[in-house]
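Residue numbers (our numbering), protein chains in the order written: chain A, 1 to 349; chain B, 1 to 349. Cβ atoms here follow ideal geometry from the backbone N, Cα and C, with glycine treated the same way. Since we're looking at a predicted model, the values are computed, not measured. These notes concern the structure reproduced below.
This is the structure in structure tokens:
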């Protein structure tokens, strides 16, 4: 369609016809920009560019910050047989396949503790997932045999309290939680002490610095949640893999389509395979992020075609699990902080 | 552990410590060989080799076709902190994330029709998935925007009646079902006629033969279920991708760890990326296969350390979804039938 050409003419190349169709499919069921981003699985700047192009062509109009299909818009949907966006995901497990309530005692304990967590800050690209997400991550890991008797490192993902949740869950041989944010590490350490949790340590570490010997090749499992620039992804994942002691080790991380396109996902996947990993799970929309206090300050808010802030959960990411095969590559270079958080696809930091 | 070295000494290279651990984890909760294969996510010959090695080392014993950990076996589990196998998958959606009962009318209709389906035959490596699996596949496709208004081809997977299920579901622009098995195509055509289904065609085609122009580059979505030798996988997927008309087209297929190792999965994934695909979903244990009448005749039955046939569902596969990115490769070579169904990892055909 010409919408596609129009958006490409504005310099956005990582996009194809399906993306325009998915925006239209979303517009058939919602007028909220953030839900459109969510339903169409697009980076915010790309969804925004498509909406702007639809506006120019008269297929949508904006009224009180709501985006509505015009009569012409509905006609185009009919002409191209664009179906409505549909959500058939499971209400019990919220589409994850692993319901948080499989262990209600653990869930209750975690929720009780997480309510006092430090607020997310923009400086570190933070944005916490729901407690249901964190709890499901832990259950998913345990189901895959990646907790009991294992040495686990949780790297720079403590805004989600994933490390603390594993600490509460127990069963591991050893757990190390590292994060750049002192507030989170203090929060963890306070609880570790109060609850008398064993074989777990939380310490401040800036992932841009290379690992010392105490990290390298010492763990069975790593967990992280990288920013979605290619450089940052590569760095976080390389750091994770460098901690793994042996083939058969596993890694877990989130990857979103809200801050990176499916085109970039292909680059990520090629890199994973090149390093010697195999992907065992990609569970879409596993991670649901609560809205963060600093939304107004983000590029996402600025490029959005409407001023209305998100009210509901709209930012989701897929949960990846990988295993490392024989000959996997351990690297430990320092990481430049230049390219970390923003590029043409990212916008929420 | 020495078990690992022992199995490797018997010529099985695509295996690592984790695999032995998972067999032990399974043995802590079951004595049934087929459940051990299921829980440990291993090819049957590999699970069998591990069990035989455990037998030789006195970690398990066999009694009335049940495999039991010995006292020494339990000690080893404790020493290496091997946890029990756990299943936290959702009871509502059976771990798929998409419950079959999201559309009960469709489910009922499909079940009513599927009960008269032709029996699976060994000649074509057939083994049908449960009706819940087939129905969930269709709902998953529709949720991803791959049915409404789309041109869809279902290739050589009609033992699962996936094509017929899409036909019943409706909403597509055009549907073509091809399979080598005349009985299935006749079954489909009879129903298509009886129910007056539109824009759908079912015809006999041997996927080893190259496609004619009527197939090449004509579809938006393909669905298939390849055998797990590398040659067969490559051939089925290449055939599928050759039918796709444009970037953004999607493909769906099952891949199991019961007939191929995680090592081979990496080769599959590299091939997918090389051809120009990106993987958007890997949902483990999405496809549940009913037991097939010809089990006694399979290599699986022969290499199993016990004579007892499977009673429950034990054969599962992951459900993959891919999208094709710009520059994806369409090939259309004839396929040799030599390497199709059996190799050192496959055993159920």
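Candidates the options: which alpha carbon is nearest residue i's?
i: residue 260(A); options: 245(A), 277(A), 232(A); result: 232(A)
i: residue 55(B); options: 67(B), 189(B), 81(B); result: 67(B)
i: residue 30(B); options: 207(B), 91(B), 65(B); result: 65(B)
i: residue 329(A); options: 206(A), 347(A), 246(A); result: 246(A)
i: residue 289(B); options: 27(B), 218(B), 133(B), 157(B); result: 133(B)
i: residue 207(B); options: 189(B), 313(B), 262(B), 234(B); result: 234(B)
i: residue 299(B); options: 321(B), 325(B), 347(B); result: 347(B)
i: residue 50(A); options: 152(A), 15(A), 28(A), 295(A); result: 15(A)
i: residue 282(A); options: 214(A), 149(A), 257(A); result: 257(A)
i: residue 131(A); options: 162(A), 156(A), 53(A), 198(A); result: 162(A)
i: residue 345(B); options: 280(B), 187(B), 264(B); result: 264(B)
i: residue 39(B); options: 343(B), 325(B), 314(B), 326(B); result: 314(B)
i: residue 308(B); options: 1(B), 46(B), 5(B), 62(B); result: 62(B)
i: residue 209(B); options: 238(B), 194(B), 43(B), 151(B); result: 238(B)
i: residue 47(A); options: 304(A), 325(A), 122(A); result: 304(A)
i: residue 121(A); options: 343(A), 326(A), 296(A), 333(A); result: 296(A)
i: residue 194(A); options: 211(A), 164(A), 212(A); result: 164(A)
Can you look up residue i in the DSSP assignment and give me helix, strand or coil?
i: residue 203(A); result: strand
i: residue 155(B); result: strand
i: residue 348(B); result: coil
i: residue 107(B); result: helix
i: residue 249(B); result: coil
i: residue 20(A); result: helix
i: residue 254(A); result: strand
i: residue 189(B); result: helix
i: residue 222(A); result: strand
i: residue 304(B); result: coil
i: residue 298(A); result: coil
i: residue 209(A); result: coil
i: residue 54(A); result: helix
i: residue 126(B); result: coil
i: residue 315(B); result: strand
i: residue 277(B); result: strand
i: residue 350(A); result: There is no way to answer for residue 350(A), as the model of chain A reaches only from 1 to 349.
i: residue 266(B); result: helix
i: residue 98(A); result: coil
i: residue 69(B); result: strand
i: residue 176(B); result: strand
i: residue 37(B); result: helix
i: residue 241(B); result: helix
i: residue 60(A); result: strand
i: residue 214(A); result: coil
Determine the contact status of residue i and residue j, defining contact as a CB-CB distance below 7 Å.
i: residue 9(A); j: residue 85(A); result: no
i: residue 240(B); j: residue 89(A); result: no
i: residue 318(B); j: residue 255(B); result: yes
i: residue 184(B); j: residue 118(B); result: yes
i: residue 200(B); j: residue 175(B); result: yes
i: residue 355(B); j: residue 320(B); result: Beyond the ends of chain B as shown, which are 1 and 349, falls residue 355(B); an answer cannot be given.
i: residue 312(B); j: residue 95(B); result: no
i: residue 155(B); j: residue 224(B); result: yes
i: residue 177(A); j: residue 188(A); result: yes
i: residue 87(B); j: residue 128(B); result: no
i: residue 251(B); j: residue 230(B); result: no
i: residue 83(B); j: residue 148(A); result: yes
i: residue 243(A); j: residue 335(A); result: no
i: residue 310(B); j: residue 34(B); result: yes
i: residue 249(A); j: residue 220(A); result: yes
i: residue 27(B); j: residue 69(B); result: yes
Kindly indicate if chain E contains any beta-carbon less than 7 Å away from that of residue i.
i: residue 25(B); result: Among the protein chains in the structure shown, which are A and B, there is no chain E.
- Query: Does the segment 107-120 of chain A touch the segment 95-115 of chain B, meaning 3 or more C-beta pairs lie closer than 8 Å?
  - Reply: Counting C-beta pairs closer than 8 Å gives fewer than three between the segment 95-115 of chain B and the segment 107-120 of chain A, which falls short of the contact rule.
- Sufficient close CB pairs (3 or more, under 8 Å) joining the segment 18-34 of chain A to the segment 267-274 of chain A: The segment 18-34 of chain A is not in contact with the segment 267-274 of chain A.
- Message: By the 8 Å beta-carbon criterion, what residues does the segment 162-177 of chain A contribute toward chain B?
- Response: Going along the segment 162-177 of chain A in chain order, one finds 171, 173 with a Cβ nearer than 8 Å to chain B.
- Message: Output needed in chain order: residues of the segment 126-143 of chain B with a Cβ under 9 Å from some Cβ in chain A.
- Response: Of all residues in the segment 126-143 of chain B, the ones placed with a Cβ closer than 9 Å to any Cβ belonging to chain A are 136, 139, 140, 142, 143, in chain order.
- Query: What residues from the segment 257-278 of chain A come within 7 Å of chain B, judged by C-beta to C-beta, listed N to C?
  - Reply: If the cut-off is 7 Å between Cβ atoms, the segment 257-278 of chain A has 262, 263, 265, 266, 269, 270, 273, 278 near chain B.
- Query: Is the number of C-beta pairs between the segment 136-145 of chain B and the segment 159-179 of chain B that are closer than 8 Å three or more?
  - Reply: Between the segment 136-145 of chain B and the segment 159-179 of chain B there are three or more inter-stretch CB-CB distances shorter than 8 Å, so the stretches are counted as touching.
- Below 7 Å between beta carbons is the criterion; list the residues of the segment 97-127 of chain B that meet it against any residue of chain A, in chain order. The segment 97-127 of chain B vs chain A, Cβ under 7 Å: 97, 98, 99, 102.
- Item | Proximal residues, the segment 68-89 of chain B versus chain A, C-beta separation under 9 Å | Taking 9 Å as the Cβ-Cβ cut-off against chain A, the residues of the segment 68-89 of chain B that qualify are 80, 81, 82, 83, 84, 85, 86, 87, 88, 89.
- Message: To be precise: take each residue of the segment 202-228 of chain B, compare its Cβ to all Cβ atoms of chain A, and keep it if any distance is under 8 Å. Which residues remain?
- Response: Those residues of the segment 202-228 of chain B that come within reach of chain A (Cβ to Cβ, closer than 8 Å) do not exist; the list is empty.
- Relative to chain B, which residues along the segment 2-30 of chain A have a C-beta separation below 8 Å, given in chain order? Here the close residues are 16, 17, 18, 19, 21, 22, 25.
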